[in-house]
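> Before I ask anything, here is the structure I am working with.
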Amino acid sequence: MITAGPHFFTTSILPVRESLLLKGGTRTRLPLRVRVGYFHHRRLGHTLIDAGYGVRAARTDGKPDLLLSAYRKLIKPSTLSDDPLGDGLLRLGLRKSDIETVIITHFHADHISGLADLPVSRILCPKRAWGALKANSRLRNALEGVFASLLPEDFEDRLGFLEDAQVVQAPTELGNGRDIADDGSVLAVDLPGHLEGHTGICFPKLEKPFLYATDVQWLKRAVMEDRCPGFPASMIYHHRGEAMRSVEKVRRFARGGGDVVLCHDPEPHAFDLDAGIEP
Ligand SMILES: [Zn+2]
Numbered sequence: 249m250i251t252a253g254p255h256f257f258t259t260s261i262l263p264v265r266e267s268l269l270l271k272g273g274t275r276t277r278l279p280l281r282v283r284v285g286y287f288h289h290r291r292l293g294h295t296l297i298d299a300g301y302g303v304r305a306a307r308t309d310g311k312p313d314l315l316l317s318a319y320r321k322l323i324k325p326s327t328l329s330d331d332p333l334g335d336g337l338l339r340l341g342l343r344k345s346d347i348e349t350v351i352i353t354h355f356h357a358d359h360i361s362g363l364a365d366l367p368v369s370r371i372l373c374p375k376r377a378w379g380a381l382k383a384n385s386r387l388r389n390a391l392e393g394v395f396a397s398l399l400p401e402d403f404e405d406r407l408g409f410l411e412d413a414q415v416v417q418a419p420t421e422l423g424n425g426r427d428i429a430d431d432g433s434v435l436a437v438d439l440p441g442h443l444e445g446h447t448g449i450c451f452p453k454l455e456k457p458f459l460y461a462t463d464v465q466w467l468k469r470a471v472m473e474d475r476c477p478g479f480p481a482s483m484i485y486h487h488r489g490e491a492m493r494s495v496e497k498v499r500r501f502a503r504g505g506g507d508v509v510l511c512h513d514p515e516p517h518a519f520d521l522d523a524g525i526e527p
């Protein structure tokens, strides 16, 4: 059972204009974080939520991948150090070899490229997300920011699906969840629209129910003030209508007393281990 909140640390900071992330925003560049979540559960062991940007996304490792090279040129991914996962885990007194489970919320490069640096034995992901990655062409995946070449070679051997967990009721407006840890304390919640299978992770038994709403938006302000950005940010949605319904669901959860963290929001949260980090 989990009674203390998860922790988060930052693997990368990307400066992006506020006007691209918030309707009516300014031209000021905001330092978007790329967070990785951590919690410990008796059944899952030391567990990460996503693996952030790893150096493999930021620079070539000698394997030619023209589509990934184009992504690097366009997005300019970077990491805060040469070992962002190792440094983040050090703040928790852990090493990468201590991690037993990684939950992947979706397959965007900034959520999975750190996986190659982890010897973890168990990876859980949404079945729909994996199915789409396998079914799509390399070009289609690349246009959505998904690169199978960033995954470890034996990825599939270590893979299990969130949908195999029992369906339970998630708090307030979130609908059904998947009971990942079998005791109702960690639930995978569908937040469709951002990318096929996009998932949030809910901790309903904390003093204040908590939702890691992943990439439902970049800024919590955009969710709470109903100021989701239009074009060109809206181009990124896999399905705009579903994405807006997911935003609404998260907003109702927060207004009903829930606590929310997004992967990229620059505003520090009490669960951030590196709240004072500077870009
Ligand atoms: Zn994403």
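Per this note's numbering, the very first residue in the sequence shown carries number 249; after that it's consecutive. Cβ atoms here follow ideal geometry from the backbone N, Cα and C, with glycine treated the same way.
Does DSSP classify residue 512 as helix, strand or coil?
For the purposes of this step, residue 512 is identified with residue 264 of the sequence shown, where counting begins at 1. Three-state result, residue 512: coil.
> Per the DSSP calculation, residue 346 is bridged to which residue(s)?
Taking the sequence shown and counting its residues from 1, one reaches residue 346 at position 98. None, per the DSSP bridge assignment.
> For a quick check, are the C-beta atoms of residue 351 and residue 259 less than 8 Å apart?
Reading the sequence shown from its first residue, position 103 is the one you call residue 351. Reading the sequence shown from its first residue, position 11 is the one you call residue 259. No. Outside cutoff.
> Check each candidate in 467, 305, 323, 315 and name the one with the smallest Cα separation from residue 577.
Lying outside 249 to 527, the shown extent of the chain, residue 577 is not represented and no answer is given.
> Check each candidate in 420, 504, 425 and name the one with the smallest Cα separation from residue 414.
Here residue 414 corresponds to residue number 166 of the sequence shown, with the count starting at 1. When only C-alpha atoms are compared, the closest one is 425.
> Between residue 256 and residue 282, how many whole angstroms is the CB-CB distance? I'm expecting something under 8 Å.
As a position in the sequence shown, residue 256 is number 8, starting the count at 1. As a position in the sequence shown, residue 282 is number 34, starting the count at 1. That belief does not hold up - the Cβ atoms of residue 256 and residue 282 are roughly 10 Å apart, past 8 Å.
> What is the DSSP secondary structure of residue 334, reduced to helix, strand or coil?
Mapped onto the sequence shown, residue 334 falls at position 86. Correct three-state label for residue 334: helix.
> Residues in the same chain with beta-carbon distance under 8 Å from residue 487, minus the five sequence neighbours each way, listed in chain order, please.
Sequence index remark: in the sequence shown, residue 487 carries index 239 (1-based). Hits under 8 Å: 440, 441.
> Would you list the residues whose beta-carbon is nearer than 5 Å to any heavy atom of ligand 1, in the order they occur in the chain?
Checking every Cβ against the heavy atoms of ligand 1 under 5 Å gives 356, 463.
> Quick one: Cα of residue 508 to Cα of residue 417, how far?
For the purposes of this step, residue 508 is taken as the residue at position 260 of the sequence shown. For the purposes of this step, residue 417 is taken as the residue at position 169 of the sequence shown. Taking the straight line joining both Cα atoms gives about 18 Å.
> Kindly indicate which residue of 288, 264, 263, 262 has the alpha-carbon position closest to the one of residue 433.
Within the sequence shown, numbered from 1, the residue matching residue 433 stands at position 185. Among 288, 264, 263, 262, the Cα nearest to that of residue 433 is on 288.
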